[in-house]
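Undergrad: Pasting a structure below so you can have a look.
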Amino acid sequence: MRFALSPEQLDFGTSLRKLLDAGQTPAAVRAWASGDPRPGRALLRQLAGAGVLGLAIEEAHGGVGAEPIDLVVAFQEFGRAAAPGPAVETAAAIPALLQALPQSDLAARWLPDFADGATLGTVAFATPGRGPVALDADIADVVLFVDGDKLCTARRTGPVRSIDPARRLFQVAADEVLVEGEQVLDAGAAAFDAGALAAAAQLLGAGRALLHASTEYTKQRKQFGKPIGEFQAVKQKLADVLIGLDLAEPLLFRAALTTTEPTRSRDVSAAVIACGDAAYAAARAALQVHGAIGYTAEYDLSLWLTKVTALRTAWGTPDLHRARIARALRDETLLERALRGTA
Numbered sequence: 001m002r003f004a005l006s007p008e009q010l011d012f013g014t015s016l017r018k019l020l021d022a023g024q025t026p027a028a029v030r031a032w033a034s035g036d037p038r039p040g041r042a043l044l045r046q047l048a049g050a051g052v053l054g055l056a057i058e059e060a061h062g063g064v065g066a067e068p069i070d071l072v073v074a075f076q077e078f079g080r081a082a083a084p085g086p087a088v089e090t091a092a093a094i095p096a097l098l099q100a101l102p103q104s105d106l107a108a109r110w111l112p113d114f115a116d117g118a119t120l121g122t123v124a125f126a127t128p129g130r131g132p133v134a135l136d137a138d139i140a141d142v143v144l145f146v147d148g149d150k151l152c153t154a155r156r157t158g159p160v161r162s163i164d165p166a167r168r169l170f171q172v173a174a175d176e177v178l179v180e181g182e183q184v185l186d187a188g189a190a191a192f193d194a195g196a197l198a199a200a201a202q203l204l205g206a207g208r209a210l211l212h213a214s215t216e217y218t219k220q221r222k223q224f225g226k227p228i229g230e231f232q233a234v235k236q237k238l239a240d241v242l243i244g245l246d247l248a249e250p251l252l253f254r255a256a257l258t259t260t261e262p263t264r265s266r267d268v269s270a271a272v273i274a275c276g277d278a279a280y281a282a283a284r285a286a287l288q289v290h291g292a293i294g295y296t297a298e299y300d301l302s303l304w305l306t307k308v309t310a311l312r313t314a315w316g317t318p319d320l321h322r323a324r325i326a327r328a329l330r331d332e333t334l335l336e337r338a339l340r341g342t343a
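Residue numbers (this note's numbering): 1 to 343.
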């Protein structure tokens, strides 16, 4: 299998990068963190105009009906720009959730407005050990809660502190039950995988941005009369970051190409772990090569450092995803043994 983007996909990513750069994204992120979502929403509407928010939405619901790999291309650029807002939820998780409910009219009711950027949505999942938490529930137009075999609208009940000020988290409680039954379990699993895949792409894009910022800074910062980028130890550290990012990319593309169970969840989890670890290594290296200025909130590097740290566990901890991989491999082994026994 060939894990390489087509010229059209590369051009699409380049056009999104230019759009995000022109949108003064760091200023929009800071405004979002301070409670002013207007610049961020304007940026998201521009992206919607380029078809980004409708990539995963079927044409029947006003979307583009693109492949998951196209969504991965877009979310790498989201991560590279550290763009604010519930884009993962609006453009990936909720479309997957609603379109997997064939007996419901929710997709026809909401998704056209999601595709054109008029509506932002967010979603929370029931998790053991803590209450459901939704991103940007204070500004989202639609807040959903997947609780086992129930899909509900939700209301926010209180803020939750995040290491990333631009990730405004809120505890939510179930309100009206929209759909109930076995189909919600399957739809919820599809939504979680779609969200996790988009988050992995964001992490990889953020890692690339951090590596670029670090490389450029090492050409400027001097010690002992020469740029620190000339020191072998610095070169080796950044080379290790590049290798980690490059090795994570095929796993991300592989997960985007896997659309059915039982391998979908396994491949998504592998991508989340690889992209999360690679981006976190990029963040640590960036902080080290930047020195004291890297710690300051006023310096734009902090937008990516906090984003990576928060996003790494936003769609499941590494332990959760390793457990999913182990469970899938165990099930495959048991199936293989059963087939051999009956052969």
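Using N, Cα and C, we set each Cβ at its ideal position, and we do this for glycine too.
Quick caveat: nothing in here was measured; it's all calculated off a predicted structure.
1) Among the residues of its own chain, which have a CB less than 7 Å from the CB of ALA343, if the five just before and after it don't count?
2) Going by the CB atoms, is the gap between VAL289 and VAL234 shorter than 8 Å?
3) Go to ALA173, then tell me how far its alpha helix (DSSP H) extends in each direction, as first and last residue.
4) What is the DSSP secondary structure of ARG161, counted as helix, strand or coil?
5) VAL289 lies in the beta strand (DSSP E); which residues open and close that run?
6) Does ILE94 pass the burial test, meaning 16 or more other C-beta atoms within 10 Å, or should it be called exposed?
7) Decide if PHE224 is buried, meaning its Cβ has at least 16 other Cβ atoms within 10 Å, or exposed.
8) Note the first and the last residue of the continuous alpha helix (DSSP H) segment covering ALA31.
9) Whole angstroms is fine: what's the gap from ALA264's alpha carbon to LEU197's?
10) How far does the alpha helix (DSSP H) with PHE231 in it extend, from its first residue to its last?
11) Which of the three DSSP states, helix, strand or coil, is assigned to VAL184?
12) Classify THR157: buried if its beta carbon has 16 or more other beta carbons within 10 angstroms, exposed otherwise.
13) From what residue to what residue does the alpha helix (DSSP H) around ALA134 run?
14) If I measure Cβ to Cβ from GLY13 and keep anything under 7 Å in the same chain, skipping five residues before and after, which residues do I get?
15) Pull up the distance between the alpha-carbon of ALA126 and that of GLU261, whole angstroms please.
16) Indicate whether VAL269 and ARG324 have their beta-carbon atoms separated by less than 8 Å.
17) Would you call TYR295 buried or exposed, if buried means 16 or more other Cβ atoms sit within 10 Å of its Cβ?
18) In whole angstroms, give me the CA-to-CA distance for THR25 and LEU210.
19) Is the beta carbon of ASP149 less than 8 Å from the beta carbon of GLU182?
20) Let's test the definition: count the other Cβ atoms within 10 Å of the Cβ of THR259 and tell me whether it reaches 16, buried, or not, exposed.
21) So for ALA351, helix, strand or coil by DSSP?
22) Taking 8 Å as the threshold, find out whether the stretch 17-32 comes into contact with the stretch 83-99 through three or more Cβ pairs.
23) Looking only at DSSP bridge pairs, what is ASP147 linked to?
24) For ARG266, is the classification buried or exposed, using 16 other Cβ atoms within 10 angstroms of its Cβ as the cut-off for buried?
25) Is GLN103 near the ligand COA, going by C-beta to nearest heavy atom under 7 Å?
26) In angstroms with no decimal places, state the Cα-to-Cα distance between ILE163 and LEU339.
TA: Result, derived from the coordinates:
1) Here the model assigns ALA343 a pLDDT of 46, short of 50, so the residue's position is not dependable and the matter cannot be decided.
2) Contact flag set, yes.
3) Per DSSP, ALA173 belongs to no alpha helix (DSSP H); it is in the beta strand (DSSP E), 169-180.
4) In the three-state reduction of the DSSP assignment, ARG161 falls in the coil class.
5) Where VAL289 is concerned, there is no enclosing beta strand (DSSP E), although the alpha helix (DSSP H) it sits in stretches over 263-290.
6) Counting the other CB atoms within 10 Å of its CB gives ILE94 a total of 16 or more, which places it among the buried residues.
7) With fewer than 16 other Cβ atoms within 10 Å, it is exposed.
8) Residues 25-33.
9) Just to set this straight, residue 264 is Arg in the shown sequence, not Ala. Their backbone Cα atoms lie some 10 Å apart in a straight line.
10) If you look at PHE231, you'll find it isn't in any alpha helix (DSSP H); DSSP assigns it neither H nor E.
11) Residue state, collapsed to three classes: helix.
12) Counting every other CB atom within 10 Å of its CB across the protein chains shown gives THR157 a total below 16, marking it as exposed.
13) From DSSP, ALA134 is part of no alpha helix (DSSP H) but of the beta strand (DSSP E) over 133-135.
14) Closer than 7 Å at the Cβ level, and outside the excluded window around GLY13, lie VAL73, GLN76, GLU77.
15) Those two C-alpha atoms are separated by around 21 Å.
16) With the sequence shown as reference, residue 269 is identified as Ser, and Val is not the correct amino acid for it. Yes.
17) In summary, TYR295 is exposed, with fewer than 16 beta-carbon neighbours lying within 10 Å of its beta-carbon over all protein chains present.
18) LEU210 has its alpha-carbon roughly 15 Å from the corresponding atom of THR25.
19) Their beta carbons are under 8 Å apart, which means ASP149 touches GLU182 by this criterion.
20) Exposed: under 16 other Cβ atoms inside 10 Å.
21) Not covered by the structure: residue 351. The range shown for the chain is 1 to 343.
22) Taking a contact to require three or more Cβ pairs closer than 8 Å, the stretch 17-32 and the stretch 83-99 qualify as touching.
23) DSSP, once it has assigned bridges, lists LYS150 as partnering ASP147.
24) Note on ARG266: 16 or more other CB atoms within 10 angstroms of its CB, so buried under the neighbour-count rule.
25) Absence of the ligand COA from the depicted structure is noted, as is the absence of any ligand whatsoever, leaving it without description.
26) If I take the Cα positions, the gap works out to 48 Å.
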